[in-house]
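J.: One structure, as structure tokens, below. Some questions next.
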Amino acid sequence: MQVSKPAHNRSKEIFQKDISKLVIGIVVLLAINIFSKNYFFRLDLTEEKRYSITDATKNLLGNLDNEVEVQVYLAGDLPAGFQRLQRGIREMLDEFEVYSNGNVRYSFIDPMLAVPKEERRDFIMELGKKGIQPTNVFDTENGKRIQKLLLPGALINYEGKQIGVNLLNGDQTAGSQEALNQSIERLEYELVTAIGKLTIVNKPKVGLVTGHGELTQTETAGLVQDLSEYYDLHTIDLPRSTTLDGYEAILINKPTKPFSEQDKFKVDQFIMKGGKVLFFIDKLQVNMDSLQAGGTVALPYNLNLEDQLFHYGIRVNNDLIQDMKCAKYPVVVGNVGNQPQIVPLPWAFFPLVNNYADHPIVKNLDVTYLRFTNSIDTVKAEGILKTPLIYTSPYTRKLANPVLVDLNELRDPPKPELFTGGEHAVAYLLEGSFSSLFRNRVLPQGAHQSEFQEQGIPSKILVCSDGDILANEINPQNGNPYPLGYEPFTKRNFANKDFINNALAYLTDAQGIINARAKEIKIRPLDPVKVDEERVMWQFINLLLPLILITVYGLIRYYFRKRKFSIKIK
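Using numbering that gives the first Met the number 0, count along the sequence shown one by one with no gaps and you end on 569.
Next comes the structure, spelled out in structure tokens:
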């Protein structure tokens, strides 16, 4: 006969086992906490790594000396799409808070409740001046379509300095959901760039080249204002300068007069030493004043840069591109009484481009506004990576030099059968170790052979076949410059400023923060047909099945526990 153990002995064994498990659990938890304190890590299991931030962002956040306060004005009753944007902002700021060791603090503020109703208008206007642009959206409420004013932006404060950042970006010609998705993709870049702007100590030194009939101070006022916030910007009279040492990048902005061999040598040696150069040039001259008198002929500029660009691997052609996807130009079409009737008409010489390469400089960029642009070809250059950044639309035609430019063409609708030229690249990025233009050549007067460098260290060059992309419009009434990229006839802001900032950031950013723009978050919409067909099944799986499984598990566990601890007397 089998005799079972006394009940009190069995209870004692069970108690000892439970205590052992408790002690082991506490030790394991302590070990995990000690490990996690000394070896911090986070796991992102999403396919596109949507919750990961770049190493450059982590480094910037980890080196913050003081607290950064972020006030986000996207709160309150939001449409579904903007709720997704709000969630993306919150998730990104959570990451910032972690990697900054708590130095990034944030709050969400409903702008409609932040101030009394009578002060709301002034409050919104003040935020607009700081860079947070209001946007009107339509939503459905109680079966009615209503309009809402939202402020998708944030104020960032650091050591008494403040900057506003607009968080609704992307290509506004895309669908609303795509534009919101692009805005979510750009969150890291927009936020960390603003923080970097507030915390930067030594701005990169950038030069704006003059001395060859470049754009005037009024025409570059918007450019200078924007770049001065991020860079130590200087004007360089290249013919009179003795060296470009100390500059990280220089901009050649629509020259109209030839470069001397000495000036070309200075630019060449600057590149050989690792300096970055952005060429914004026009190959054909169009006299806008002559257009008002009936028309003009576009003729080539003599810039004396052709051989230098060709040597580096690029050729800007003597032609003009017309594009059916274009901006409008105001034309007098008649008179109403004694007043001329001015109507803006599409002009194919002013392309609007949003056909971009997959590159951080142009990732999720809005439409860029071009004027009288040329096509670009590449030529062989050993060891140089050539990346086309901007293309025209497929509906183009290319007009070879000389080109007649006449405003009367605007009065006739363009003929689609003529615009079959396909896409043309109008901006290229060149990267690599360039060889000197003056290798195996006699050096220009004043150059010293002992200081000559015929093979360069790795550098970058950007070439854009439109010098006007840097020029802001000017108010004809008072002569004041408009912001860069603002088109006064349609009152629209284009992405010219963003393109310049992104390009210069890519060329000069040693930390690689610009790479945060490469993030891509995929939209995975549900199949509406399958949703309708399988609705009941998934409702059952998500709502009732968990309850059934828990109940079954509880009954099974109850049965085995009762069997285990019951005392059988035989």
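Heads up, the beta-carbon is just placed ideally off N, CA and C, and yes, glycines get one too.
Answer yes or no: do VAL164 and ALA153 have a C-beta to C-beta separation smaller than 7 angstroms?
T.: Locating residue 164 in the sequence shown gives position 165, where the first residue counts as 1. Locating residue 153 in the sequence shown gives position 154, where the first residue counts as 1. Yes, they are a contact pair.
J.: Could you spell out where the alpha helix (DSSP H) holding GLY431 opens and where it closes?
T.: Taking the sequence shown and counting its residues from 1, one reaches residue 431 at position 432. Looking at the DSSP string, GLY431 is not in any alpha helix (DSSP H); the run it does join, the beta strand (DSSP E), is 424-431.
J.: Compare the Cα-Cα distances from THR134 to each of ILE320, PRO78, ILE88 and GLY87 and report the closest residue.
T.: Working through the sequence shown from its first residue, we reach residue 134 at position 135. Nearest option by C-alpha distance: PRO78.
J.: Are the stretch 457-471 and the stretch 401-413 in contact at 8 angstroms, needing three or more beta carbon pairs?
T.: The answer is no - the stretch 401-413 does not touch the stretch 457-471, with fewer than three Cβ pairs under 8 angstroms.
J.: Is it the case that the Cβ atoms of LEU483 and GLY221 are separated by a distance below 7 angstroms?
T.: Residue mapping note: residue 483 aligns to position 484 of the sequence shown, counting from 1. Residue mapping note: residue 221 aligns to position 222 of the sequence shown, counting from 1. Yes; because the gap between Cβ atoms is below 7 angstroms, this pair is in contact.
J.: Could you compute how far the alpha carbon of ASN301 sits from the alpha carbon of PRO350?
T.: One-based indexing of the sequence shown puts residue 301 at position 302. One-based indexing of the sequence shown puts residue 350 at position 351. So the two alpha carbons sit approximately 24 angstroms from each other.
J.: Are the stretch 370-386 and the stretch 424-437 in contact at 8 angstroms, needing three or more beta carbon pairs?
T.: Touching, yes, given that three or more Cβ pairs across the two stretches are closer than 8 angstroms.
J.: Which partner residues of GLN161 appear in the DSSP bridge assignment?
T.: Position 162 of the sequence shown, counted from the first residue, corresponds to residue 161. Beta-bridge pairing links GLN161 to ASN156.
J.: Roughly how far, in whole angstroms, is the beta-carbon of ARG370 from the beta-carbon of ASP465, given that I think they are within contact range, below 8 angstroms?
T.: Reading the sequence shown from its first residue, position 371 is the one you call residue 370. Reading the sequence shown from its first residue, position 466 is the one you call residue 465. 7 angstroms between Cβ atoms; contact.
J.: With a 10 Å radius around its C-beta and 16 neighbouring C-beta atoms as the bar for buried, classify ILE568 as buried or exposed.
T.: In the sequence shown, residue 568 corresponds to position 569, counting from 1. Confidence at ILE568 is low in this model, with a pLDDT of 44, below 50, so its placement is unreliable and no value can be given for it.
J.: Please classify ALA446: does DSSP put it in a helix, a strand, or coil?
T.: Taking the sequence shown and counting its residues from 1, the one referred to as residue 446 is at position 447. DSSP places ALA446 in coil when its eight states are reduced to three.
J.: Need the endpoints of the beta strand (DSSP E) that GLU68 sits in, please.
T.: Reading the sequence shown from its first residue, position 69 is the one you call residue 68. 67-71 is the extent of the beta strand (DSSP E) around GLU68.
J.: Does DSSP put ASN58 in a helix, a strand or coil?
T.: As a position in the sequence shown, residue 58 is number 59, starting the count at 1. Residue state, collapsed to three classes: helix.
J.: Closest to ASP236 by CA distance: which of GLU90, ASP262 and LEU60 is it?
T.: Counting from one through the sequence shown, the residue named residue 236 turns up at place 237. Here the closest residue by C-alpha is ASP262.
J.: Evaluate contact between the stretch 263-277 and the stretch 443-455, counting only Cβ atoms and requiring at least three cross-stretch pairs below 8 angstroms.
T.: At 8 angstroms Cβ cutoff, the stretches touch.
J.: Using the three-state DSSP reduction, which class does ILE568 fall into: helix, strand or coil?
T.: For the purposes of this step, residue 568 is taken as residue 569 along the sequence shown, with counting starting at 1. With a pLDDT of only 44 at ILE568, under 50, the local geometry of the prediction cannot be trusted, and the value read off the model is given with reservation. ILE568: coil per DSSP, three-state reduction.
J.: Identify the residues that DSSP records as bridge partners of PHE279: which are they?
T.: Position 280 of the sequence shown, counting from 1, holds the residue named residue 279. BP columns for PHE279 point to ASN252 and CYS463.
J.: Taking PRO359 as the reference, give the member of ASN474, GLY206, GLN181 and GLN454 with the closest Cα.
T.: Here residue 359 refers to the residue found at position 360 when the sequence shown is read from its first residue. Residue GLN181 is the option with its Cα nearest to PRO359.
J.: Compute the distance between the beta-carbons of LYS253 and GLU213, then report whether it is under 7 angstroms.
T.: Within the sequence shown, the letter at position 254 stands for residue 253. Within the sequence shown, the letter at position 214 stands for residue 213. Yes, they are a contact pair.
J.: Run the CB neighbour count on VAL27, radius 10 Å, all protein chains shown included, and call it buried at 16 or more, exposed below.
T.: Translated into positions along the sequence shown, residue 27 becomes position 28. With fewer than 16 other Cβ atoms within 10 Å, it is exposed.
J.: Does the Cβ of TYR557 have 16 or more other Cβ atoms within 10 Å, making it buried, or fewer, making it exposed?
T.: Indexing the sequence shown from 1 puts residue 557 at position 558. Flag for TYR557 reads exposed.
J.: Would a C-beta distance cut-off of 7 angstroms place LYS621 and VAL315 closer than the cut-off?
T.: The chain is shown from 0 up to 569; residue 621 falls before or after that span and cannot be answered.
J.: What residue range is occupied by the uninterrupted beta strand (DSSP E) comprising PHE349?
T.: The count along the sequence shown starts at 1 and reaches residue 349 at position 350. Unbroken beta strand (DSSP E) run through PHE349: 338-352.
J.: If I follow the unbroken alpha helix (DSSP H) through HIS310, where does it start and stop?
T.: The residue given as residue 310 occupies position 311 in the sequence shown. Looking at the DSSP string, the run of the alpha helix (DSSP H) that includes HIS310 is 305-311.
J.: Assign GLY573 to one of three DSSP states: helix, strand, or coil.
T.: Outside the displayed span of the chain (0 to 569) sits residue 573, for which this structure offers no information.
J.: Give every residue of the same chain whose Cβ lies closer than 7 angstroms to the Cβ of TYR246, excluding the five residues on either side of it in the sequence, and list them in chain order.
T.: Taking the sequence shown and counting its residues from 1, the one referred to as residue 246 is at position 247. Excluding residues within five positions, the ones whose Cβ falls inside 7 angstroms are LYS204, VAL205, GLY206 and GLY274.
J.: Which same chain residues end up closer than 6 angstroms to LYS324 when comparing Cβ atoms and leaving out the 5 residues on each side of it in sequence?
T.: By 1-based counting over the sequence shown, the position of residue 324 is 325. Closer than 6 angstroms at Cβ, skipping near neighbours: LEU351 and SER392.
J.: Do you know offhand how far LYS147's Cα is from PRO345's?
T.: Numbered from 1 along the sequence shown, position 148 holds the residue referred to as residue 147. Numbered from 1 along the sequence shown, position 346 holds the residue referred to as residue 345. Rounded to whole angstroms, LYS147 to PRO345 spans 32 angstroms at the Cα level.
J.: Any beta carbon from chain B within less than 7 angstroms of LYS272's own beta carbon?
T.: Absence of chain B from the displayed structure is noted, only one protein chain being present.
J.: Please determine if the stretch 85-104 and the stretch 57-70 are in contact, where contact requires at least 3 C-beta pairs separated by less than 8 angstroms.
T.: The stretch 85-104 is in contact with the stretch 57-70.
J.: Give the DSSP-derived three-state secondary structure of GLN146 in the structure shown.
T.: The residue given as residue 146 occupies position 147 in the sequence shown. Strand, per DSSP.
J.: With distances taken from CA atoms, which of ALA326, ASP231, ILE375 and LEU308 is nearest LEU436?
T.: As a first step, residue 436 is located in the sequence shown; it is residue number 437 there, counting from the start. Selected option, being the one with the closest Cα: LEU308.
J.: Less than 6 angstroms between C-beta atoms, sequence neighbours within five positions excluded: which residues of the same chain meet that for ARG396?
T.: Here residue 396 is taken as the residue at index 397 of the sequence shown, counted from 1. The residues are GLN321, LEU417, PHE418 and GLY420.
J.: For VAL330, collect the residues of the same chain with a Cβ closer than 8 angstroms to its Cβ; drop the 5 residues on either side in sequence, then sort them by chain order.
T.: Stepping through the sequence shown from its first residue, residue 330 is reached at position 331. Within the same chain, VAL330 has close Cβ partners ILE341, VAL342, PRO343, LEU344, LEU406, LEU409 and ARG410.
J.: From the DSSP output, in three-state form, read off ALA356 for me.
T.: On the sequence shown, position 357 is the one that residue 356 refers to. Note: ALA356 maps to coil in three-state DSSP.
J.: Does the distance from the C-beta atom of PHE258 to that of LEU304 stay below 7 angstroms?
T.: Locating residue 258 in the sequence shown gives position 259, counting from the first residue. Locating residue 304 in the sequence shown gives position 305, counting from the first residue. Yes; because the gap between Cβ atoms is below 7 angstroms, this pair is in contact.
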